[in-house]
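Novice: Numbering that gives the first Met the number 0 numbers the first residue of the sequence shown as 0 and each following residue consecutively.
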Amino acid sequence: MDWGMKNRLSKIIRPEDGRTVMLAVDHGYFLGPTTGLENLGKTVIPLLPYADTLMLTRGALRYYIPPETDIPIVLRVSGGTSILNKNLLHEGIITSIEEAIRLNVVGVAFSILVGAEFERDTILAFTQVVDEAERYGIPVVAVTAVGREMSKDAKYLSLASRMAAELGARIVKTYYCEDFEKVVDTCPVPIVIAGGKKIPEKDALEMTYNAIQAGAVGVDMGRNIFQSESPVAMIKAVRAVVHENYTAEEAYQLFEEEKSGGE
Ligand code: 5RP
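1) Thinking C-alpha only, which one of G136, H89, K235 and L60 is nearest P48?
2) Measuring alpha carbon to alpha carbon, tell me which residue in T34, S157 and V76 is nearest I192.
3) When the Cβ atoms of the region 146-163 are set against those of the region 94-102, are three or more pairs found closer than 8 Å?
4) Could you pull out every residue in the same chain whose Cβ sits closer than 6 Å to the Cβ of D120, ignoring the five residues on either side in sequence?
5) Check D1 in the structure and name its three-state DSSP category.
6) With L36 and I224 assumed to form a contact (beta carbons below 8 Å), what rounded beta-carbon distance in angstroms separates them?
7) Using a Cβ-Cβ cutoff of less than 7 Å, which residues in the same chain neighbour L166 once the five nearest sequence positions on both sides are dropped?
8) Who are the Cβ neighbours of T34 in its own chain at under 7 Å, not counting the five residues just before and after it?
9) Determine the DSSP secondary structure at V85, reduced to helix, strand or coil.
10) At the level of alpha carbons, what is the spacing between F109 and E249?
11) Quick one: Cα of E262 to Cα of I70, how far?
12) Of the residues E228, S229 and V216, which one's Cα is nearest the Cα of N244?
13) Among the candidates H89, A50 and H26, whose CA atom is the shortest distance from the CA of A59?
14) For K172, write down the residues that DSSP places opposite it in a beta bridge.
15) If you check the beta carbons only, do V142 and K151 fall under 8 Å apart?
16) Pairs of beta-carbons, one from the region 72-85 and one from the region 99-118, closer than 8 Å: are there three or more?
17) Terminal residues of the continuous beta strand (DSSP E) containing R75?
18) P230 and L46: beta carbons closer than 8 Å?
19) My understanding is that T52 touches T19, with C-beta atoms under 8 Å, so please give their C-beta distance in whole angstroms.
20) Name the two residues that bound the continuous beta strand (DSSP E) containing G79.
21) Please name the residue, chosen from V43, N86 and N84, that lies closest to T68 on a Cα-to-Cα basis.
22) Would you say the beta carbon of H242 is closer than 7 Å to some non-hydrogen atom of the ligand 5RP?
23) By Cβ distance below 6 Å, which residues in the same chain neighbour A213 in space, the five residues on each side in sequence not counted?
24) Does the beta carbon of M0 fall short of 7 Å from some heavy atom of the ligand 5RP?
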C-alpha cells in the first residue's frame, strides 16, 4: 500500500485504536432536506469535534462547511435516484475523482445494491470508481445499501460486504444484524455500521456496542446522531462506546448527563 493511501486511511480509522466515528450527513443526495439537516451547517458544525470524519456530498461540503474546518472528508460519489423513485439506489457515478481530489478528501463512498435487478450497474460503476480512486491513493468506502424489499440478515449482508471487499473497497459500510460476527469474519476489510432509521438513543448505543463487540471498527452514523433530541450528547456517547470501550449502559448514562448539562 502506498504512502498516500495509508495516510488517508489513517485519517478515517484512527491508528491509536483502530476505530472510527464517521459522521454521515450525505442523506440529501436522495432525501433532499432531511429532518435535522435543513440547515446542515448549523446541525453538523457543533458535532465535528467528536467525529473522526464527515461523510457528505460535494454540494453540502461547499455550501455548509467552511474550507478552514479541520475534519477529514469522505465524499459521497454515487447517486442518481431519489426517494420518490421505485428503483431507489439504482446509483451511478455523480462526482469524479478529479473533483474529489480538488476537494481534498480522504476517501470516497459509493453504494452498491447487491441483489437488485440493476445490481450490475451499481457494481460496475463502483469498480470504475475503485480503479480511478486507487490510482491517486484514495480509499473507497463501499456502502452495501439495502433495498426496500431486501432483508438485512447476516446471510445477505455478508454476501454484499464480501463482494464489496473483493471488488476493491478499502472499508465496508453495512447494517448491524443478528450474528454480525459472521459478516465481520468473512469480510477482509474493516467494517463500519450505518445507524439506519432513528431509534431510541438507548437502542442505538446498544447496537453500536454490539457491533464493536462483534468486530466492527466503528460507525458511519447519521440519523441516530443528528435526529437525536441532543445530537452533541449523542455523538459523545457513541464516541465513548467506539473509542473508550464504554458499555451501552455507561454510554447512555453519559448521554443523559450531557443532555441535561444543557448544550
Ligand atoms: C444510504 C446511506 C446514507 O445516506 C447515510 O450515510 C446513512 O446513515 P444513517 O443510516 O446512519 O442515517 O449510506 O445508503
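Even glycine gets a Cβ: it sits at the ideal position worked out from N, Cα and C. Remember, it's a predicted structure, so these values are computed and weren't measured experimentally.
Specialist: Inspection of the coordinates gives the following:
1) K235
2) S157
3) no
4) none
5) coil
6) Actually they are not in contact, since the Cβ atoms of L36 and I224 sit about 11 Å apart, beyond 8 Å.
7) I122, F125, T126 and V129
8) Q226
9) Correcting the residue type first, residue 85 is Lys in the shown sequence and not Val. DSSP places K85 in coil when its eight states are reduced to three.
10) 34 Å
11) With a pLDDT of only 49 at E262, under 50, the local geometry of the prediction cannot be trusted, and the value read off the model is given with reservation. For E262 and I70, the distance between alpha carbons rounds to 21 Å.
12) V216
13) H26
14) V142 and V191
15) no
16) yes
17) I72 to R75
18) yes
19) 7 Å
20) Neither: G79 is in no beta strand (DSSP E) and is coded neither H nor E.
21) V43
22) no
23) F179, E180 and V183
24) no
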